[in-house]
Amino acid sequence: MNSFRHFLTLIFFCLTFFPLSALADLDEIMLNQETMPETRQRSAVFFPHGLHMDNLECLDCHHVYEGGKNLQDEDELYEDNPDIRCQDCHNTDASIDTTKAFHHQCMGCHIKSTKEQAKIKTPEMCGDCHTNKN
Numbered sequence: 001m002n003s004f005r006h007f008l009t010l011i012f013f014c015l016t017f018f019p020l021s022a023l024a025d026l027d028e029i030m031l032n033q034e035t036m037p038e039t040r041q042r043s044a045v046f047f048p049h050g051l052h053m054d055n056l057e058c059l060d061c062h063h064v065y066e067g068g069k070n071l072q073d074e075d076e077l078y079e080d081n082p083d084i085r086c087q088d089c090h091n092t093d094a095s096i097d098t099t100k101a102f103h104h105q106c107m108g109c110h111i112k113s114t115k116e117q118a119k120i121k122t123p124e125m126c127g128d129c130h131t132n133k134n
């Protein structure tokens, strides 16, 4: 009976001091949050990076193209590296801004995946990714 009380105390302690939000998917990234809400036409997109890491190679998305070749060094793709975010290269000064880059990369891959594997349904319509007004 004494060990049961210890067990309950431990459970209470964990639930009290370990927030349930810590169990959320830490591999989710909000895209397009830099654009001011009053100027963007749609909500920002929550991108499940962890899900994509399970199914794709890093260089399928992360890229530095020169001469038609992806020269991105995979060793630079580490957490908290501020230089690997899409918007670092795809910004208002670039020929392909952030919105165009997301739509080309993400939607292109989703449409291709659905065509190649009919059983896989990936988001393809605006409201599939832009789900909230934020």
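Reading the sequence shown from the start, the letters are residues 1 to 134 in the UniProt record's numbering. C-beta: ideal position from N, C-alpha, C; glycine also.
Where Asp104 falls, given that 16 or more other Cβ within 10 Å makes a residue buried: Reading the sequence as shown, one finds His at residue 104 and not Asp. Counting Cβ neighbours within 10 Å, His104 comes out exposed, since fewer than 16 surround it.
Could you tell me which uninterrupted alpha helix (DSSP H) segments, each at least 4 residues in length, are contained entirely in the UniProt domain "Class III cytochrome C" (38-130), listed from first to last along the chain? 49-55, 86-89, 98-102, 108-116 and 126-129
Once the 5 residues before and after His63 are set aside, which same chain residues still bring their CB inside 7 Å of it? Asn70 and Gln72
Using the beta-carbon count (16 or more within 10 Å), is Ala44 buried or exposed? buried
Please report the Cβ distance between Ile84 and Glu76, rounded to the nearest whole angstrom; I am assuming they are in contact, meaning their Cβ atoms lie under 8 Å. 6 Å
Candidates Arg40, Gln41 and Phe46: which alpha carbon is nearest Leu31's? Phe46
Inter-residue spacing [alpha-carbon to alpha-carbon] between Phe102 and Arg42: 13 Å
Count the other C-beta atoms from every protein chain shown that fall within 10 angstroms of the C-beta of Thr92, then say buried if there are 16 or more, exposed otherwise. exposed
Return the CA-CA distance between Arg40 and Cys89, expressed in angstroms with no decimal places. 19 Å
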